[in-house]
Every structure is written in C-alpha cells, then in structure tokens.
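Residue numbers are given in the UniProt record's numbering: position 552 of the sequence shown equals residue 552, and the series is strictly consecutive.
Idealized CB from N, CA, C, for every residue including glycine.
Everything numeric in this text was worked out from a predicted model, so none of it was measured.
Below: one structure, written as structure tokens.
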Amino acid sequence: MTMEMKDSGSVVLTAYHPHSPARIPGMEQSFVQDIPPSHSPASRKCLPRCRRINRMLSNESAPPPTFSRSNSQASMDSTSMEDFWCEVENIKESREDGSEEATLLEFKPADEGELEAEWLQDVGLSTLISGAEEEDGQALLSTLTRTQAAAVQKRYNTYTQTLRKKNKHTVRDVRDIFGTSDSSLTFETVPVPPVPSNGIQLPGQKPVWKSVTSNSCLDCGLDKGSPSITEELSYEVSFSESITVLPKTQEWPKNQRFKKEDSALPKFIVRKSRFGLTEVGDLSPEDMKKIRYLSLIELTAFYDALGVELKRNRAERVRGRENGLFGVPLTVLLENDQKKVPGIKVPLIFQKLLLKLEETGLETEGILRVPGSASRVKNLHQELEAKFYEDTFDWDQVRNNDAAGLLKMFIRELPSPLFTVEYLPAFITLVEKISKIKLQLQALHLLIMLLPEANRDTAKAFLQFLKKVVANEGKNKMNLWNVSMIVAPNLFIYKGKRANQQEMQAAATTAHIVRLLIRYQDILWTVPSFLISQVRKMNEAAMNNSKRQLMFDKGVRKLLRRKTMERERPERPEGAVTFPPYLQSDIPEGVIRVYAPLHSKVSMAIQLNSQTKAKDILARFHCENSHGSSQNMRGQIQSLHEIGGNIGQHCLDPDAYMLDVYRANPQAEWVIKPKAS
1 MTMEMKDSGS VVLTAYHPHS PARIPGMEQS FVQDIPPSHS PASRKCLPRC
51 RRINRMLSNE SAPPPTFSRS NSQASMDSTS MEDFWCEVEN IKESREDGSE
101 EATLLEFKPA DEGELEAEWL QDVGLSTLIS GAEEEDGQAL LSTLTRTQAA
151 AVQKRYNTYT QTLRKKNKHT VRDVRDIFGT SDSSLTFETV PVPPVPSNGI
201 QLPGQKPVWK SVTSNSCLDC GLDKGSPSIT EELSYEVSFS ESITVLPKTQ
251 EWPKNQRFKK EDSALPKFIV RKSRFGLTEV GDLSPEDMKK IRYLSLIELT
301 AFYDALGVEL KRNRAERVRG RENGLFGVPL TVLLENDQKK VPGIKVPLIF
351 QKLLLKLEET GLETEGILRV PGSASRVKNL HQELEAKFYE DTFDWDQVRN
401 NDAAGLLKMF IRELPSPLFT VEYLPAFITL VEKISKIKLQ LQALHLLIML
451 LPEANRDTAK AFLQFLKKVV ANEGKNKMNL WNVSMIVAPN LFIYKGKRAN
501 QQEMQAAATT AHIVRLLIRY QDILWTVPSF LISQVRKMNE AAMNNSKRQL
551 MFDKGVRKLL RRKTMERERP ERPEGAVTFP PYLQSDIPEG VIRVYAPLHS
601 KVSMAIQLNS QTKAKDILAR FHCENSHGSS QNMRGQIQSL HEIGGNIGQH
651 CLDPDAYMLD VYRANPQAEW VIKPKAS
C-alpha cells in the first residue's frame, strides 16, 4: 500500500491536551470501508461511522472533501487508515461516557520577540537577555559550531531588534557582549572536522573505526532477510554541519509516495568508534541538562540549514492533580512513587500496566486495536485510583484489552502530552517538510534529546513495549503499521476550528512518526557523540574560567599555599588516614587507578595499551574478586564509570578503548559500580 504525500498549504495545528472538550467537532464523519475478515468482531462496532470518512479520502462515489490534501494525508486503500479512525472514534466515545475529564489547553499568543527570548532561555543563554556574566553561558558559546553559532546569532538579532522597536530598556550591543569590533555579531565557533565518539579531537589523531562484527554497530531496521537498503549514520559531526547542499525543495513532491510495508523503511547502522556508544542514562543529570541545551541549538541550526521553520507552541501552564494515578503530571507522579521506590524512573502504575500486558497480552489478537469494555475500563480506572497504592488491587481480574485501554487512557490523560506541548509542531514538521527518512530520523533524534527526563524515560518504556507487540505479529496480527495507527491518535490529536480536516491531514503524518519511533528507538536513545564532545568542551571552558577567577581570590591563594606546605611535610605515621587510592595523582602516564568499592580488592593500577577495552578491566576485577566480592554486588551488572575531569559521570560502553578515553579525559577517576537502571 502506498500513500501520496502532497503539499498541505497553510494549516494551523495545535497540540492535544487531555483536558479537552468531551466531543471532537466534526467527528461524526469518521472513516473506513469494510474491515477485513482478519479483524476481531469487537472492532466492527465503529465501522458505520468510519466508512463515510474513508470514502472522503478515496475515489469512490462520495464527493471529495473541499479542502486540499496535505503532504501527510494519504491517498491509500481503506484498510491502511481504518485503525486510526476507529481508535479516534473509541477515544471520542470514552470521553462522551465520562470516563475521561477534559478541558481545552489554551495557547498564549506570542508577542514579537518573545519566542526568541524564550528560545535563548531554553538553550541556557539567558545571559544574553539579562546581561549578567554567567560562566555557563560563556562556556556554551565557546563550544558552538559554525551552523549552531549562526542559529544563536539569528535569534539574538531578532530579539534585540524587536526590543529596540518597542523602545524598551537599553539593549547591549552584541559587540559589547562578545568583544568584537565588527558591526555584525560573529561567534567564535569550533572547527568541525570529525571528532572521536564521546571524546574530543586529539592533536593529529583521526577517528579509528572498528571492523564490522555482530557487536560493533548499533543495528536498527528490519529483520534479517528483509529486502532493504542499509545506510550508515554518523555521530561524529553535527547533523547541521553535514548538510552541505540545500535541496531545491524540502517538501514531498506531489508524486512522492511512501509505503506502509515494514520493508519500505531503510535499515540504519551506527558503527561504534573506539569510544563506544553512550545511552541517555549513561550520563549524569548535569551533563544531560547541557545535552538538552545543545540539542535545541543543533535542532534549530538543522532546521535552518534545511530551510524549514522550527515551530513551537506557547501553552498556558495547566496544573494537573497532585495525587492519584491518572491525570497527574509525570514529575509529580514520580516524586510520589520515589518515596516508595527510590530511584524509580517510570511511574509505578505505567510499569504495572506494561508488565501485565507483556505477561499475558502480547499474543492476544488485536491487542491495542480491539477496545475493551468501556464500562469495565471505567470501573477499573476508579478501582485503581482507590486500591493501587494499598496493594489491594486484583490484577487477575483485568482482561488484556481492558489493560490496553487503561494504558492508552493514562497517556491521554497526562496534563501535558508525552512529547511535550512546546515541540509537537516540530514533530509534525519533520515529516511534512523533510522528505528523506535519514533527515527525518536525525531531527527526531534531537527532539528525543530535548525531552524532559521523566517524559523521555516513560516514552522509552512505552516504545520498548510496542516493539514487543510488533515482534509478536504472527500471533496478535498487529504489524508495525497497525500499531502506529492505533498509538498515533493517543499521542497526537489536534483541536481547532477545523478539527475534522486537521485530524485527517495529520493522520498519516503522526502514524509515520510513531513508526519511526518504534523502529529506530535504539538509535534515538543513543546520545550523539558530537554533543558529548561539546559537553566536554563546555566543562573544560567552565573549569578554566573558574581557575582564572580563583587566581584573583587572595583567600583562596592563601589556602593553596597552606595546602602546599602541608604536602611538603614528612610522611604521615603508620595508621594515619589517607585518601582512597583512586584519588591519588602520582600515577605514570598511560596507567589508570581503578576503584571498585564493592569488590574485596577495592583498587588496582592498570597499564593501558591500544587494545585495552572497558570490558577487559571489568573481567580482570571479576577474576581476581570472584570469591571475595561483597554480597551486595552479586547479581548486579557492574560497569566502568568515568567520573570527573571534563565530564560529570559517564558509564562507559564495554567496547570502549580505554587508552582513547583516558587521553580524552586524563583527569578523570575510574570507578566500577552498578549501572543506573
């Protein structure tokens, strides 16, 4: 089956909010033709309403709709869109019977210059607005690439020009901020030759790639044997810098079609460099905050390079419930759950619903598509609210289709959408305005990096479950396209004056986004190495700034002199307290001191060579401590961590070559401990 992608023209889309009116205007016209025999009878109840809208989008007897089709609207057969509209119909019915409470999410109109001011604040450059000399902002500016600097310059210039027009407070000239005598703002940018993964460019060193083996690359795409083109993705250079020639048109050509078969998606691999790969959870929260700053700058530069406008919403803050399960903000829900289970990253109720479906529902035919009983789901919803935290809820009574209904209800009732209000338009734009799937994937990758931690972790758990559903297609009859069409309206539903037309136009777009999220999730939750390289440089710049500032502090200089005198005193007598071995600095070049607090042998000096990997160090510790390790560490997966220096904390890939990591961060400490779950 194919979908014809055409120009959408001017359509205003606003983001779905769970607290929205109970009825979807115009949705009496839903669509699909005859449901194929393979579908469960339970899904046929939405057929009469679905058939009419399907005719609107097909070339049958019914007259075509008066609006022009967008590039995201499909010219396809009846079965390819039926799941989407039946799911919309089910959502509508659940709201009409009072199962879900909703109010409309209002969007604040943006005054001229306000979006640019918010953007500068969101990327950590509030110093450009406030005029304060903030070290973090200066460190961030010092790491920008050419395209990233141009993106910042463009937004700052728009902001300052707007303030001058409004005759507001005096705006500092950009030459005063950046110390340049030129009349135009010019940032000092970082050169962009390829840099080693997760590291910084070493003098005279070129990236060295591993030979391709079964474990040497991140393989995201189709099952083995599926006919598909394999493409390699590079994390070494920023995405925006990689765009050398701007295509003549970024929108889908009128005759462009994309197929809904799984085999139509290309197969991508990300080869591991000598620094390995880094997942989102491998970095400290402080460094991930900097990754978010850089991701927004890079996403903006990427869209600028493609000639595409990066749109964002400005929504009023809506307070959700402060207790309970459904309709509670993710951050509030996690705060409550962490009192019961410290360190938890995904809400307990969401985890339990996923676990229930994984244990008993993955092989259920039509799972997610076939709706549960509306009355049962409503009763289960109320019972969960009352009994879940008391551990008195009987999960054995929950049928698989009802559990799937509760799972989707949880997502819809979040006070803020899972993929955030602000950047939902950017998700839509990456499909409507960018035709190459590789470029779509790069934009989607940066959007995932932008998500708040709670949203990103919850989305990851959800997508991992959806991947398992697709893997059981042989029994549950739910392929990747089916699952994407069902999930899309739960994540992306649009409200507006022409809601019916907007939803029809967005249907194929949102389904394609979900399809990319499911298929390429292993890639999307891997942190691009060029961003990690920039974080290292940010940390180094911040440390250098701090050192310069400290040199002017007389009190600190006196303290340093006193410490120096203490170090020159004779050795401490036997039994005196000493620093842990991993904190000592008298270690020869190329030798690292590894600290393992949970092992019986807590430290070891290891001579590195060009072939030493992180997993080799782990194996050596395991061998020498196999009989005397702490009881606490047995059964736990231990990982080697890089701590301090130019990184906050970094859980290393077992395949990382340690000499390369050491040279990128010679001031780091090396600690073996369990990987954060």
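The Cβ neighbour count for isoleucine 637, taken over all protein chains shown within 10 Å, is under 16; the residue is labelled exposed. DSSP places glycine 474 inside the alpha helix (DSSP H), whose first and last residues are 473-476.
DSSP, reduced to helix, strand and coil, places histidine 445 within a helical segment of the structure shown. In the structure shown, leucine 368 adopts coil according to DSSP, grouped into three states. The beta-carbon separation of arginine 519 and asparagine 646, rounded to 34 angstroms, does not stay under the 8 angstroms limit for a contact. By the C-beta density criterion, valine 591 is exposed, having fewer than 16 other C-beta atoms within 10 angstroms. By the 16-neighbour rule on beta-carbons within 10 angstroms, glutamate 432 is buried.
According to the DSSP assignment, histidine 650 belongs to the beta strand (DSSP E) that extends over 647-651. Under the 8 angstroms Cβ criterion, the segment 386-397 does not count as touching the segment 411-427, having fewer than three qualifying pairs. The criterion of a C-beta distance shorter than 8 angstroms is not satisfied by threonine 145 and threonine 526. When DSSP states are grouped into helix, strand and coil, isoleucine 428 belongs to the helix group. Under the DSSP assignment, proline 489 falls in the alpha helix (DSSP H) whose first and last residues are 480-491. Of Ile297, Ser284, Glu669, Leu115, the smallest CA-CA separation from leucine 140 is found for Ile297. When Cβ pairs closer than 8 angstroms are counted between the two stretches, the segment 287-306 is seen to touch the segment 229-246, the count reaching three or more.
The continuous stretches of alpha helix (DSSP H) do not include serine 603, which lies in the beta strand (DSSP E) extending over residues 603-607.
About 19 angstroms separates the CB atoms of glutamate 286 and phenylalanine 530; that is not less than 8 angstroms, and the two are not in contact. Taking the Cα of arginine 274 as reference, the smallest distance to any Cα among Ser126, Ala614, Ser295, Ile513 is reached at Ala614. Per DSSP, the unbroken alpha helix (DSSP H) holding tyrosine 662 starts and ends at 658-664. Rounded to the nearest whole angstrom, the CA to CA distance from glutamine 148 to glutamate 231 is 26 angstroms. Measuring C-alpha to C-alpha distances from leucine 120 to each of Lys166, Lys267, Tyr293 identifies Tyr293 as the nearest. In this structure, glycine 276 lies away from alanine 507, with their beta-carbon atoms at least 8 angstroms apart. If you check the CB distance, valine 594 and tryptophan 670 come in under 8 angstroms. Comparing alpha carbon positions, the residue from Arg314, Arg312, Leu333 closest to glutamate 322 is Leu333. In this structure, the CA atom of glutamate 335 is about 32 angstroms from the CA atom of alanine 668. Annotated three-state conformation of glutamine 638 is strand, per DSSP. Bounds of the alpha helix (DSSP H) holding lysine 356 are 348-360. With contacts defined as CB atoms closer than 8 angstroms, phenylalanine 268 and leucine 353 fail to qualify as a contacting pair. A Cβ-Cβ contact shorter than 8 angstroms links lysine 356 with alanine 403. In this structure, DSSP gives arginine 314 a state outside helix and strand, which the three-state scheme calls coil.
Following the DSSP letters along the chain, one finds isoleucine 592 inside the beta strand (DSSP E) bounded by residues 591-595. Looking at the DSSP output, phenylalanine 84 shares a beta bridge with no other residue.
Residues Glu363 of the same chain have their beta carbon placed closer than 6 angstroms to that of lysine 475, with the five preceding and five following residues left out of the count. Around the Cβ of isoleucine 617, a 10 Å sphere holds 16 or more other Cβ atoms; the residue is buried. Per DSSP, leucine 144 has no beta-bridge partner at all.
For proline 266, the three-state secondary structure derived from DSSP is coil.
Comparing alpha carbon positions, the residue from Asn157, Leu348, Ala488, Ala150 closest to leucine 115 is Asn157.
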